[in-house]
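Q: Chains as they are written, first to last, in this note's numbering: chain A, 18 to 588; chain B, 20 to 528. Beta carbons: idealized from backbone N, C-alpha and C, even for Gly.
1) Can you name the start and end residues of the alpha helix (DSSP H) that residue 78 of chain B belongs to?
2) Run down chain B in chain order and give the residues with a C-beta less than 7 angstroms from the C-beta of residue 155 of chain A.
3) Have a look at residue 552 of chain A and residue 38 of chain B and give me their C-alpha separation to the nearest angstrom.
4) Considering only DSSP beta bridges, list what residue 80 of chain A is partnered with.
5) Count the other CB atoms within 10 Å of the CB of residue 240 of chain B; is the residue buried (16 or more) or exposed (fewer)?
6) Just reading off the alpha helix (DSSP H) that residue 308 of chain B is part of, what are its end residues?
7) When you compare the CB of residue 107 of chain A with every CB in chain B, is at least one pair closer than 8 angstroms?
8) If you measure from the beta carbon of residue 159 of chain A to each beta carbon in chain B, is any gap under 8 angstroms?
9) Can the beta-carbon of residue 316 of chain B be found less than 8 angstroms from the beta-carbon of residue 335 of chain B?
10) Which residues of the segment 133-147 of chain A have a Cβ closer than 9 angstroms to any Cβ of chain B? Give them in chain order.
11) Candidates B:56, B:97, B:43: which alpha carbon is nearest residue 68 of chain B's?
12) So, does the CB of residue 286 of chain B fall closer than 8 angstroms to a CB anywhere in chain A?
13) Counting C-beta neighbours from all protein chains within 10 Å, is the total for residue 125 of chain B 16 or more, i.e. buried, or is it exposed?
14) Cα separation between residue 180 of chain B and residue 58 of chain B?
15) List the endpoints of the continuous beta strand (DSSP E) containing residue 93 of chain B.
16) Which residues of chain B have a Cβ atom closer than 9 angstroms to the Cβ of residue 337 of chain A, listed in chain order?
17) For residue 428 of chain B and residue 341 of chain B, what's the separation of their Cα atoms in angstroms?
18) Going by beta-carbon coordinates alone, are residue 490 of chain B and residue 62 of chain B separated by less than 8 angstroms?
19) Below 7 angstroms CB to CB, which residues in the same chain sit around residue 465 of chain B once its five sequence neighbours on both sides are set aside?
20) Nearest-angstrom Cα distance between residue 228 of chain B and residue 28 of chain B?
21) Which parts of the segment 364-428 of chain B are runs of the alpha helix (DSSP H), unbroken and 4 residues or longer, counting only runs that do not cross its ends?
22) Are the C-beta atoms of residue 189 of chain B and some chain A residue less than 8 angstroms apart?
23) Where residue 268 of chain A and residue 460 of chain A are concerned, what is the direct C-alpha to C-alpha distance, given to the nearest angstrom?
24) Going along the segment 252-284 of chain B in order, which residues come within less than 8 angstroms of chain A, judged by CB to CB distance?
25) DSSP three-state label for residue 264 of chain B, please.
26) Answer yes or no: does any C-beta atom of chain B fall closer than 8 angstroms to that of residue 568 of chain A?
27) Verify the CB distance criterion: does residue 149 of chain A have a CB-CB separation below 8 angstroms to chain B?
28) Applying the criterion that 16 or more other CB atoms from any shown protein chain within 10 Å of the CB defines a buried residue, is residue 534 of chain A buried or exposed?
29) May I ask you to list, following chain order, the residues of the segment 226-250 of chain B that have a beta carbon less than 7 angstroms from some beta carbon of chain C?
30) Can you list, in chain order, the residues of the segment 200-228 of chain A whose Cβ is nearer than 8 angstroms to any Cβ on chain B?
31) So, at 7 angstroms on beta carbons, what are the nonlocal neighbours of residue 66 of chain B in its own chain, with the 5 sequence-adjacent residues on each side left out?
32) By Cβ distance, which residues of its chain are closer than 7 angstroms to residue 191 of chain A, with the 5 residues on each side in sequence left out?
33) Please list, in chain order, all residues of the same chain as residue 556 of chain A whose beta carbon is under 8 angstroms from its beta carbon, the five residues on each side excluded.
34) Classify residue 352 of chain B as helix, strand or coil using the three-state DSSP reduction.
35) At the level of alpha carbons, what is the spacing between residue 409 of chain A and residue 171 of chain A?
36) Counting C-beta neighbours from all protein chains within 10 Å, is the total for residue 70 of chain A 16 or more, i.e. buried, or is it exposed?
And the structure:
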């Protein structure tokens with residue numbers, strides 16, 4: 018039992034109970050901060066070993082700590098702490114509960130030691146993140162949540178079928194790399210690819226994340242995609258198809274980010290792009306590349322949370338979310354803009370920031386394996402990243418022309434969370450060994466060599482120059498850039514509407530054919546049962562089943578049997 | 020204990036059904052307590068039998084001291100006692116919910132103590148009939164209990180007045196057709212073999228295997244019971260019945276009524292008649308119809324706007340899943356089917372108690388009416404959420420494990436039917452995700468509509484009164500407990516099934 022308390026997710030789940038029980042009396046966030054801190058301390062103390070139980074005949078390994086899972090759990094706990102601190106001025110009990118469940122199940126997913134536990138928390142993560150999106154509270158959030166649900170429902174089904182086939186085929190119950198080219202391999206890869214937002218399966222991310230609340234999107238940016246990266250590292254290291262997919266993904270996200278107008282959607286495309294680096298690194302599969310993927314996930318969670326906090330700060334302060342509406346607000350929120358800049362330099366891979374120490378590791382790994390095209394695509398994506406996050410977004414949102422936007426002062430807790438996030442980005446950038454000493458695989462790497470630093474600096478300076486020359490062309494335009502979600506937003510929606518219309522057209526015909534009798538019986542029965550009762554509101558008669566069909570089908574079955582028997586033995 | 024309990028289990032509800040209305044005419048309050056105590060006693064008897072069968076092996080009980088195959092036998096093994104516990108337990112909740120009032124939907128004419136007593140009597144009669152079906156080893160006796168339970172059910176369905184009367188009439192049409200077909204089938208079997216005892220029948224069937232009448236008998240019995248079990252496309256009676264039955268009875272009828280018929284199908288087709296050629300063909304067809312029902316029920320549930328009607332269509336989907344398990348007939352599939360009976364009964368009972376109460380008190384059944392209920396009654400809605408998650412099949416609820424067993428059985432069975440069943444069950448989970456989360460989203464994340472707030476039709480405070488809230492929360496707890504203790508269940512039920520079929524195989528010459 019004592020081992021239970023060592024499980025970091027236990028802290029978060031216990032927090033859910035506390036918040037729920039006191040939902041009317043106190044805000045939930047202090048509890049969130051405390052339990053996230055508890056989980057973090059539990060992890061920093063260096064928990065080890067395994068925690069197993071046997072439930073319903075399955076051996077469940079709730080806790081299986083090795084360096085890979087501990088690295089992810091640690092950064093999840095850090096970002097959960099930052100998220101609760103960031104949102105503590107506005108998060109209510111419902112959102113806190115959703116966030117606690119989401120963070121807890123993400124941590125529990127990466128610590129799970131067997132397939133069933135992994136699946137359970139994977140699904141819990143999908144549902145709790147959906148709850149978090151719905152906490153956005155707008156009609157847009159509701160509809161985006163429904164689309165999110167459909168995609169992740171399909172992903173969960175794929176994962177379930179894959180795991181069921183794997184176990185039914187006598188596979189290992191503990192998590193481990195899968196035998197390639199078996200049906201479970203492809204099914205589980207498909208499910209993980211959905212969560213990793215590999216195009217064309219990525220549209221749920223950029224669709225749903227901007228619709229959550231400002232604090233909600235900080236949580237969302239961290240867990241789902243990075244848990245998928247963890248799953249790729251754990252289950253599919255060295256799967257070659259991931260290399261081109263990841264490289265293409267890195268560039269794809271950036272292209273859409275450059276033309277995007279909604280600030281959080283823009284950052285969402287950068288999640289796609291940055292996860293592309295990690296996916297490609299998992300595909301390369303050398304120890305250096307795998308270390309690169311793990312460390313980039315670690316760095317990415319920190320700076321991406323920081324960037325979402327910055328975007329959220331702009332939204333909190335102005336109530337606006339589009340580049341074309343914002344502008345010239347930097348004077349009123351200097352600290353937040355400075356911290357955003359730290360995040361932007363990190364994601365762009367500028368030396369001294371934490372993106373540099375992990376991204377350059379992936380690019381070097383690609384170079385060592387002589388994957389020229391991959392390296393080129395990744396470098397190109399880095400250019401686009403700096404262009405959109407480092408230059409375009411701050412230029413048009415924070416600086417640029419003043420539009421007389423009213424700016425509210427930002428609460429201290431929000432700024433504190435951003436400050437801590439920025440400090441962490443700098444800390445890991447300045448002292449890379451803090452991160453490297455926790456990496457799971459055996460490979461040494463030195464980030465601060467002359468050629469790494471020079472090439473990164475050249476890249477950033479050249480990009481800056483290009484932006485300065487072309488800044489008018491890059492001015493944002495209002496409007497919705499539809500991505501592959503067009504497929505289910507337009508044709509699918511039209512198909513459903515057409516089907517409904519067709520059914521609605523058929524309905525009256527069927528109803529007239531038999532409705533008369535029913536209506537007459539109905540009114541007679543009502544008169545019998547309650548003479549003088551007022552007529553009741555007519556209810557919808559959608560798709561009532563008919564007794565006539567039941568009896569008819571039964572009769573047909575019996576008659577066919579008679580016929581069959583009679584034909585077989587006439588007489 | 021083994022000598023007394025079997026008789027008590029069937030006799031208690033039948034005697035109680037006669038006494039309770041009399042008592043009600045005299046003392047109203049005592050009747051409530053007495054009926055509840057009676058249901059508790061029946062439940063205790065069922066539990067005792069379950070325990071006894073688990074510890075000391077199956078019980079064969081000769082009614083009136085006349086041994087089979089001449090007398091009527093009752094047979095209690097892991098399977099039948101499990102369903103008996105389920106029926107008796109759900110009846111306790113339903114009896115508690117009946118305190119909610121005989122006309123929760125405000126449609127029935129004025130209520131009197133006698134009327135309440137009669138409805139309590141009808142519930143007891145229904146329980147007696149269902150327990151009889153579960154226990155009996157005699158095919159004609161099964162018909163008698165089938166009719167007893169049906170008549171009691173018609174009464175309970177019609178007690179709402181208005182549309183409920185029509186729904187009861189429709190149910191009566193379908194139920195009568197079902198009963199007649201079954202009786203014809205039994206008549207053929209009796210003419211062929213000269214016996215009505217199931218064990219005796221199983222032993223004598225091989226000698227009449229060649230007779231064409233046997234095929235007709237098997238089909239008649241299968242079709243008759245399939246109507247009662249709402250196997251697609253013989254489900255016509257189900258949606259209206261579930262929707263228009265007054266809430267306390269709806270929670271019970273929706274939970275166990277069709278399942279007991281599915282159990283009878285399992286006993287007769289899966290065990291006694293499985294060895295015949297016609298039985299094998301019918302079971303194969305049942306898998307395919309089950310697949311069709313799983314898909315059709317799910318799709319039509321998505322198409323509904325009214326919550327209770329959506330739940331009714333989802334029941335058709337679930338019955339399809341159970342009958343897929345019955346049709347496959349492997350030990351794993353039977354476990355899945357039985358477990359799904361239990362899981363679905365708990366979840367559907369919980370949901371119908373909750374949704375019915377909300378429909379009555381919020382004066383509307385559309386999904387929009389659920390908006391904002393989560394903040395008003397978090398515990399009730401949390402319980403309903405657990406039930407919904409179990410219907411979808413999210414671990415660690417009971418619904419996950421039943422689907423897990425059925426999926427494993429489909430994989431093991433293989434072939435086109437196995438693949439189709441596998442795909443249908445996965446698809447049904449997806450559809451259930453859509454239609455349940457739509458309701459839960461409204462309840463938890465949407466504020467009540469402006470017009471609603473303005474008219475102040477929705478009062479503050481608890482959504483459900485205690486007679487309904489307690490069963491809802493209790494059942495939600497049971498759903499989780501059943502999920503967690505899935506493995507002992509499997510250990511207990513499976514051996515009885517295997518020895519049962521083995522015994523029948525051994526007795527066949």
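A: Once the coordinates are examined:
1) That residue, residue 78 of chain B, is in no alpha helix (DSSP H); its beta strand (DSSP E) goes 78-81.
2) Per Cβ cutoff of 7 angstroms: no residues; residue 155 of chain A is ~10 angstroms from chain B at best.
3) For residue 552 of chain A, the predicted model reports a pLDDT of 46, less than 50, meaning its position is unreliable and no value from the coordinates is stated.
4) A:68
5) buried
6) 296-322
7) no
8) yes
9) yes
10) 133, 136, 137, 140, 141, 144, 147
11) B:97
12) no
13) Its pLDDT being 44, under 50, residue 125 of chain B is placed unreliably by the model, and nothing is read from it.
14) 26 angstroms
15) 92-95
16) Going along chain B, no residue has its Cβ under 9 angstroms from residue 337 of chain A, so there is no contact; the nearest lies around 24 angstroms.
17) 12 angstroms
18) no
19) 390, 391
20) 36 angstroms
21) 392-395, 397-411
22) yes
23) 27 angstroms
24) 252, 253, 254, 255, 256, 257, 258, 259
25) coil
26) yes
27) no
28) Note on residue 534 of chain A: pLDDT 49, under 50, position unreliable in the model; no value is reported.
29) Here the protein chains are A and B, and chain C is not one of them.
30) none
31) 104
32) 78, 130, 131
33) Because residue 556 of chain A sits at a pLDDT of 48, beneath the cut-off of 50, its placement in the model cannot be relied upon, and the following sentence gives the value as read from the coordinates. Answer for residue 556 of chain A: no residue qualifies.
34) helix
35) 36 angstroms
36) exposed
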